[in-house]
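Engineer:
Residue numbers (our numbering), protein chains in the order written: chain A, 995 to 1354; chain B, 995 to 1354.
1) Taking Cβ positions only, does residue 1256 of chain A come closer than 8 Å to chain B?
2) Buried or exposed: which applies to residue 1201 of chain B, given that a residue is buried once 16 or more other Cβ atoms fall within 10 Å of its Cβ?
3) Residues of chain A with a CB under 9 Å from the CB of residue 1140 of chain B: which are they?
4) Does the beta carbon of residue 1099 of chain B sit closer than 8 Å to a beta carbon anywhere in chain A?
5) State whether the stretch 1096-1105 of chain B contacts the stretch 1122-1135 of chain A, with contact taken as three or more CB pairs (one from each stretch) at a distance under 8 Å.
6) On the three-pair Cβ rule with 8 Å, is the stretch 1106-1115 of chain A touching the stretch 1143-1161 of chain A?
7) Roughly how many angstroms separate the alpha carbons of residue 1179 of chain A and residue 1197 of chain A, rounded to a whole number?
8) Curious, which full-length alpha helix (DSSP H) runs of at least 4 residues does the stretch 1197-1231 of chain A contain?
9) Is the Cβ of residue 1191 of chain A closer than 8 Å to any Cβ of chain B?
10) Are the beta-carbon atoms belonging to residue 1009 of chain B and residue 1025 of chain B less than 8 Å from one another?
11) Buried or exposed: residue 1194 of chain B, going by 16 or more other Cβ atoms within 10 Å of its Cβ?
12) For chain A, check one thing: does any of its Cβ atoms lie closer than 8 Å to the Cβ of residue 1088 of chain B?
13) Among residues of its own chain, excluding the 5 on either side of residue 1051 of chain B, which ones have a beta-carbon nearer than 7 Å to its beta-carbon?
14) Write down the C-beta distance between residue 1012 of chain A and residue 1220 of chain A rounded to the nearest angstrom, noting that I regard them as a contact closer than 8 Å.
15) Is there a Cβ of chain A sitting closer than 8 Å to that of residue 1067 of chain B, yes or no?
16) Say whether chain B places a C-beta atom closer than 8 Å to the C-beta of residue 1034 of chain A.
17) What residue does the beta strand (DSSP E) around residue 1270 of chain A start on, and which one ends it?
18) If you check the beta carbons only, do residue 1274 of chain B and residue 1323 of chain B fall under 8 Å apart?
19) Is the number of C-beta pairs between the stretch 1284-1300 of chain A and the stretch 1163-1172 of chain A that are closer than 8 Å three or more?
20) Which of helix, strand or coil does DSSP assign to residue 1154 of chain A?
21) Would you verify that the beta carbon of residue 1110 of chain A is, or is not, closer than 8 Å to some beta carbon of chain B?
22) Classify residue 1120 of chain A as helix, strand or coil using the three-state DSSP reduction.
23) Determine, for residue 1319 of chain A, whether the minimum Cβ-Cβ distance to residues of chain B falls below 8 Å.
24) Report the three-state DSSP secondary structure of residue 1079 of chain B (helix, strand or coil).
25) At what residue ranges does the stretch 1265-1344 of chain B contain a whole run of the alpha helix (DSSP H), taking only runs of 4 or more?
26) Which residues, taken in chain order from the stretch 1114-1129 of chain B, show a beta carbon closer than 8 Å to some beta carbon of chain A?
27) Are residue 1053 of chain A and residue 1021 of chain A touching if we call contact CB-CB under 8 Å?
28) Applying the 10 Å Cβ sphere with the 16-neighbour rule, what's the burial state of residue 1167 of chain B?
29) State the Cα-Cα distance for the pair residue 1311 of chain A and residue 1226 of chain A, rounded to the nearest angstrom.
30) Which residues, in order along the stretch 1142-1155 of chain A, keep a beta-carbon less than 7 Å from a beta-carbon of chain B?
31) Please list the partners that residue 1004 of chain B has in chain A, where partner means a Cβ-to-Cβ separation under 7 Å.
32) Rounded to a whole number of angstroms, what is the C-alpha to C-alpha distance between residue 1080 of chain B and residue 1321 of chain A?
33) What span of residues does the alpha helix (DSSP H) with residue 1035 of chain B cover, start to end?
34) For the pair the stretch 1115-1122 of chain B and the stretch 1081-1093 of chain B, tell me if three or more CB-CB distances fall below 8 Å.
35) Interface residues of chain B around residue 1313 of chain A at Cβ under 8 Å?
36) Which residues in the same chain as residue 1161 of chain B place their Cβ atom closer than 6 Å to its Cβ, once the five residues preceding and following it in sequence are excluded?
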């Protein structure tokens, strides 16, 4: 089986290919979307490289220059961006070069941003190796972190292709599976595409995600995201819905120190807080307990340790990109599949944080 | 008198207003193009600020936060970009903030790039204070330099408006007038709009550029640029013609150390070399001696000092953005007003460099 989505954006259309074994055909697929490519550069996450670089390299007639990216959010930094750009330039990058990212969200975000600003933009191909990257690799968001918050510096820069070989996900540790699964749950909550029901029916735990079921999950979850980013490429409207769970999530992730909590672990907690807020603010009928149970059975932490300082979290949330004129805004659910962007008072956010804080 | 051009780009249309006294109406004009602006930030070149900041600030009902940018190309650096972004974020920038650049090309390029990557893009307004900025402020090129060459890192990011008060040019030192004038001459050579004839007739020396004549010059020169960037926003084709004189120009500027030669001084020399190449390579009929005379009468240096190492210049030119697959390409003239992008052998470039090198 293999699956394909075509995603429209202001610059054209790019394919997302999902196929077991695709890693052995990388050069062919890159040259199909970038027929006038000069040099191809492979920016590879160190850990992904350890598992998959040999396979990917075997697809090339001439070995591309490889730049290894250290694991973890700390690579989404100014220093790392500068190092990567310097290495690209010193190895002869020109305007028809292609930057390909082999790795998860960190590598994709960093490499995509480097591609966006190198010579004011070169071609860019995503080769995701994590479940989380099914989300980050589609939609054209690239960027790095800033001490003031996550993803505060970056570009909208669509890839020329996303080449997804689900077989590479087999080497993922459980914690990273979980991190990606949080975004799948998010997609299931903000859309009416029936994904939540499909999950209950087919995915009791990560071991269910093999071969065709995994391709199906990736396809369905990416489809939710694709529908939204096609409607709103530059996040002027509905795209903000993808931020469901991320307002508190980003703050928890930052406050824990990048890498302390995975992105998905923090977002899972943020989704629970956002569902509490949906009840408080909109008196919404949301499947909070059901989702909490699903998260627990997939090994997620569903309460915030008391060590987190709520005032500091709130201060970080004020730097959230949805904040406007100093007013906090959250994506809440009017009901399952019906997200809405809502201004929320800091006092109510404080109450929601208490709701998700551990009792002791 | 006042003049207005409307420039189309993929994101819409932005106005270029040219008007004596416009500096006293900055806030009004910014709010006209950015009606939902939250905070406005003014990134001001230190020297421009010394002359004009009080006037510009007097146009605001509430003083915008000002970030001073040190003079000179060294501000187009990673470090300065990071400093500016940090200051913007620490002073509450959000997605509806406006970054306005008061200054010349350096400030505009740096501020525009900061606006492009801050929260993946905020509104941006150019308030040029130099003649050179008539060129750099239009067309959406933003960026910083890299040790490997000028403008190698950046974005295409169109401003929301260009607000040009020619009265601010009165404080420019002669050397900076000259630097900007080189781009006017460039526009006159690559277009058939009659600008070269107009210059011969109306602009014997900088003292001729007052009031209406200055507005007319800005309008005509910007019109040439606007016609080209509207045809080719992302430099896939004819926009490369704007690089006439810049291949050697950038190399000379970099090799002299940024700030040693002004951009325009280096470009003037680059245009002479490009006209020699046009004769050598295309047997073109170009007004080389006439332009050399015009440059001399405006105080330009028309020969390259022998201290420049041609091999080093050539190596720098290999990093030029027009280089593809290791092949140097120059914008040459088939005749006056007829530019063309042409691959040129390094040996011929070497001969052209000798042609423009001082005898002793």
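For each residue, glycine too, the CB sits at the ideal point set by N, CA and C.
Please read these numbers as outputs of a predicted model, since none were measured by experiment.
Structural biologist: This is what the structure gives:
1) Residue mapping note: residue 1256 of chain A aligns to position 262 of the first chain, counting from 1. For residue 1256 of chain A, the answer is no, since every Cβ of chain B falls outside 8 Å of its Cβ.
2) Position 207 of the second chain holds residue 1201 of chain B. Exposed, because fewer than 16 other Cβ atoms sit within 10 Å of the Cβ of residue 1201 of chain B.
3) Position 146 of the second chain, counted from the first residue, corresponds to residue 1140 of chain B. Per Cβ cutoff of 9 Å: 1076, 1079, 1080 and 1083.
4) In the second chain, the residue the question calls residue 1099 of chain B occupies position 105. Residue 1099 of chain B does not count as touching chain A.
5) no
6) yes
7) Your numbering for residue 1179 of chain A matches position 185 in the first chain. Your numbering for residue 1197 of chain A matches position 203 in the first chain. If you take the alpha carbons of residue 1179 of chain A and residue 1197 of chain A, they lie about 11 Å apart.
8) 1205-1225
9) Numbered from its first residue, the first chain carries residue 1191 of chain A at position 197. Output row for residue 1191 of chain A: interface = no.
10) Here the question's residue 1009 of chain B lines up with position 15 in the second chain. Here the question's residue 1025 of chain B lines up with position 31 in the second chain. Cβ distance not < 8 Å, so residue 1009 of chain B and residue 1025 of chain B don't count as in contact.
11) Here the question's residue 1194 of chain B lines up with position 200 in the second chain. So residue 1194 of chain B counts as exposed.
12) Taking the second chain and counting its residues from 1, one reaches residue 1088 of chain B at position 94. Closer than 8 Å to some Cβ of chain A, the Cβ of residue 1088 of chain B qualifies, so yes.
13) Position 57 of the second chain, counting from 1, holds the residue named residue 1051 of chain B. Around residue 1051 of chain B: 1057.
14) Residue 1012 of chain A sits at position 18 when you count from the first residue of the first chain. Residue 1220 of chain A sits at position 226 when you count from the first residue of the first chain. Their Cβ separation, rounded to whole angstroms, is 12 Å, which puts residue 1012 of chain A and residue 1220 of chain A out of contact at 8 Å.
15) Taking the first residue of the second chain as position 1, residue 1067 of chain B is located at position 73. So, not an interface residue.
16) Locating residue 1034 of chain A in the first chain gives position 40, counting from the first residue. So, not an interface residue.
17) In the first chain, counting from the first residue as 1, residue 1270 of chain A sits at position 276. Taken as a continuous stretch (DSSP letters only), residue 1270 of chain A belongs to no beta strand (DSSP E), being part of the alpha helix (DSSP H) at 1257-1276.
18) Indexing the second chain from 1 puts residue 1274 of chain B at position 280. Indexing the second chain from 1 puts residue 1323 of chain B at position 329. The answer is no: Cβ separation not under 8 Å.
19) yes
20) Mapped onto the first chain, residue 1154 of chain A falls at position 160. In this structure, residue 1154 of chain A counts as coil in the three-state DSSP scheme.
21) As a first step, residue 1110 of chain A must be located in the first chain, where it is residue number 116. Judged by the 8 Å Cβ criterion, residue 1110 of chain A is in contact with chain B.
22) Against the first chain, residue 1120 of chain A aligns to sequence position 126. In this structure, residue 1120 of chain A counts as strand in the three-state DSSP scheme.
23) Position 325 of the first chain, counted from the start, is the residue given in the question as residue 1319 of chain A. Closer than 8 Å to some Cβ of chain B, the Cβ of residue 1319 of chain A qualifies, so yes.
24) On the second chain, residue 1079 of chain B is found 85 positions in, with the first residue counted as 1. Residue 1079 of chain B falls in the helix class under three-state DSSP.
25) 1282-1291 and 1304-1311
26) 1114 and 1115
27) Along the first chain, read from residue 1 onward, the residue named residue 1053 of chain A stands at position 59. Along the first chain, read from residue 1 onward, the residue named residue 1021 of chain A stands at position 27. Going by C-beta atoms, residue 1053 of chain A is nearer than 8 Å to residue 1021 of chain A.
28) Sequence index remark: in the second chain, residue 1167 of chain B carries index 173 (1-based). Answer is exposed; the Cβ neighbour count stays below 16.
29) Numbered from its first residue, the first chain carries residue 1311 of chain A at position 317. Numbered from its first residue, the first chain carries residue 1226 of chain A at position 232. Approximately 23 Å between the Cα atoms of the pair.
30) 1142, 1146, 1147, 1148, 1149 and 1150
31) As a working note, residue 1004 of chain B is residue 10 in the second chain. The contacting residues are 1004.
32) By one-based count along the second chain, residue 1080 of chain B stands at place 86. By one-based count along the first chain, residue 1321 of chain A stands at place 327. Roughly 21 Å between the two C-alpha positions.
33) For this step, residue 1035 of chain B is matched to residue 41 along the second chain. Segment 1034-1039 is the beta strand (DSSP E) holding residue 1035 of chain B; no alpha helix (DSSP H) there.
34) yes
35) As a first step, residue 1313 of chain A is located in the first chain; it is residue number 319 there, counting from the start. Here the neighbours are 1083.
36) Taking the second chain and counting its residues from 1, one reaches residue 1161 of chain B at position 167. The residues are 1014.
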